[in-house]
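Residues 36 to 455 (our numbering) make up the sequence shown, in order.
In this text, a Cβ means the ideal position worked out from N, Cα and C, and glycines have one as well.
All figures in this text were calculated on a predicted structure; none of them were measured in a lab.
Report on the following structure.
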Amino acid sequence: MRVGGVLQVPGDKSISHRALMLAALGAGASRVRGLLQSLDVLSTAQVLRALGVPIPALSEDFVVEGVGLRGLQPPTVDLDCGNSGTTARLMAGIVAGSPLSARFIGDASLSRRPMRRVKEPLTQMGARFECEGPGDTLPMTIHGARLLGMTWHAETASAQVKSAILLAGLVADVPVEVHEPVPTRDHTERMLMARGVDVRTDGGAVTLVPSATLNAADQLVPGDPSSAAFFAALAALADTGDLALNDVCINPTRAGAFRVLRRMGARVTYEQTRAEGGEEVARVIVGPGTLRGTEIGGAEVPSLIDELPILACVAACAEGETRVTGAHELRVKESDRITAIVDNLRAVGAEAEELPDGFVVRGVGRRPFAGRVTTHGDHRIAMAFGVLGAIPGSAIIIDDPACAAVSFPTFWEELSRVVV
Ligand code: S3P
């Protein structure tokens, strides 16, 4: 297989959600460029509109007139978060600190995902939660209140929980401090600082000192490393050629998959490294190499948590064993990704085994794979196995390829374009 070409990866999903939320809460007009226009980001736009924010139709370049930190209106409809955990959890923080009540709903996948992780800290701050689903799941009504400041020691490394607490402190004008067991993506901190909020990071702790206003600010959204990872993997699995992935965010809290691909033997280099949109951005060039299995665990996991499905597929084509541990969180993503990865790898003819907090893949080198993949509507499972299906001679049937639109609407077109 030969790969070639230049790919403009779509905007980063995490930054896109935050760009809309912070523009909505800003004092004045914020220009947003390069926003990811995918189903998940549309969910955030819809939720903000339901709270009275005039979010225009999403496009490559648009302006949001912020309503300010106290300008949200009580919604007259449920807040439909669709498939998006980031929408539900970050907006939970914003609603908890606002003087209004709102009922959050989501699709079948999101309705199974745990909300206790935001309910507990936000309840401790003074908000009231009513979860209708079993085990603190959606539908969930949040009654916002005058919150109290808080120090929270998170048991699980989660940028969504950290961000929910920071955003609650921001809108409620109270100080908050979050201690994380392992550092997670820090986009919220960077973006708040860029808007004039006093956010400090010190070792494992993030502190927000309240500020009366949030400045409006323009945001250029860099390319999503989680989307780029599928094409980096494809290039790593090729026989010849390379792929240039333009304007990718290489924030160290997000770039773990590039480091792992390099460690496994792929050719991965950064060019044109620069600061843009408050993030480190580069053109990532990836080419094939002789791939070996590796170990992934501990502090490395949050920096590649969303990339583990595609790394598992690469591992199936490497020589030797790949062992992933410390990734229990995969069980509560858009699907139980530990089971989805292992079952689907087996379904297409690879050897893999579940661990309680990860998985083992026994790679025997690159070869064709064939079988049926059950995505459970999980975009990253669909795309990961789509890459494996691009190996010449493979015959992989994916039950729901359209679910890629959650984060990467043009994935399938791009995939057929770069295999030359
Ligand atoms: C995200 C954080 C991560 C990640 C998700 C996006 C974010 O989730 O898996 O896709 O934008 O903050 P957790 O916070 O649950 O680890």
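DSSP places Ser136 outside any alpha helix (DSSP H); the residue lies instead in the beta strand (DSSP E), whose first and last residues are 136 to 140. When secondary structure is reduced to three states using DSSP, Met36 falls in the coil class, being assigned neither helix nor strand.
With a threshold of 8 Å, the Cβ atom of Ile376 does not count as near ligand 1, since no heavy atom of the ligand is closer than that.
For Gln307, the enclosing beta strand (DSSP E) covers residues 302 to 311.
Beyond the five residues adjoining it in sequence on each side, Arg124 comes within less than 7 Å, by CB distance, of Val153, Gln195, Val196, Ala199 in the same chain, given in chain order.
In this chain, the alpha helix (DSSP H) harbouring Ala263 covers 260 to 271. Pairwise C-beta distances place the stretch 364 to 384 out of contact with the stretch 294 to 311, as fewer than three of them are shorter than 8 Å. Within the stretch 334 to 400, the complete alpha helix (DSSP H) segments at least 4 residues long are 343 to 351, 372 to 382, listed from N- to C-terminus. Look at Thr409: its beta carbon is at least 8 Å from all of the heavy atoms in ligand 1. Secondary structure note for Thr158: it is in no beta strand (DSSP E), and the uninterrupted alpha helix (DSSP H) holding it is 151 to 160. Leu202 sits buried, since 16 or more C-beta atoms from the chains shown fall within 10 Å of its C-beta. Beyond the five residues adjoining it in sequence on each side, Asp113 comes within less than 6 Å, by CB distance, of Arg138, Ile140 in the same chain, given in chain order.
When the Cα atoms are used, Leu205 and Arg105 turn out to be separated by approximately 10 Å. DSSP places Thr445 in no alpha helix (DSSP H); its state is neither H nor E.
In the structure shown, the three-state DSSP call for His188 is strand.
Counting only unbroken stretches of 3 or more residues, the beta strand (DSSP E) elements lying wholly within the stretch 44 to 128 are 64 to 68, 96 to 100, in sequence order. Selection Arg66, Ala127, Met185, Val213 evaluated against Thr176 yields Ala127 as nearest (Cα-Cα).
Residue Ala347 holds the alpha-carbon nearest to the alpha-carbon of Ala417 among Val453, Ala347, Thr357, Pro391. Exclusion of the five residues before and after Ile431 leaves Val383, Phe404, Ala405, Gly406, Val408, Phe420, Leu423, Gly424 as the residues of its chain whose Cβ lies within less than 7 Å of its Cβ. Nearest to Pro257 by C-alpha distance, out of Ser451, Val67, Glu449, Val41, is Val67.
Pairing Ala247 with Val38 gives a Cβ-Cβ distance that is not under 9 Å. A distance below 8 Å between beta-carbons, with the five flanking residues on each side excluded, links Thr445 to the following residues of its chain, in chain order: Pro45.
Taking one beta carbon from each stretch, the stretch 365 to 372 and the stretch 289 to 296 have fewer than 3 pairs nearer than 8 Å; the two do not touch. The stretch 332 to 350 makes no contact with the stretch 315 to 322, as fewer than three CB pairs between them are under 8 Å. In this structure, Ile50 lies near Met226, with their beta-carbon atoms less than 9 Å apart.
Checking the 8 Å criterion, the Cβ of Val196 is within range of a heavy atom belonging to ligand 1. By the CB criterion at 9 Å, Ser133 and Gly179 fall inside the cutoff.
Leu74 and Arg358 have their C-alpha atoms some 32 Å from each other.
Secondary structure note for Val211: its beta strand (DSSP E) is the uninterrupted segment 211 to 214. Inter-residue distance for Ala353 and Glu315 is about 30 Å (C-alpha atoms, whole angstroms). Here the distance from the Cβ of Gly101 to the nearest heavy atom of ligand 1 is not below 8 Å. DSSP places Pro174 within a strand segment (E or B) once states are collapsed to three. In the three-state reduction of the DSSP assignment, Val256 falls in the coil class, being assigned neither a helical nor a strand state.
Under DSSP, Val454 takes part in a beta bridge, and its partners are Val38.
The Cβ atoms of Met56 and Ile129 lie closer than 9 Å to each other. Relative to ligand 1, the beta carbon of Asp142 is positioned no closer than 8 Å to any heavy atom.
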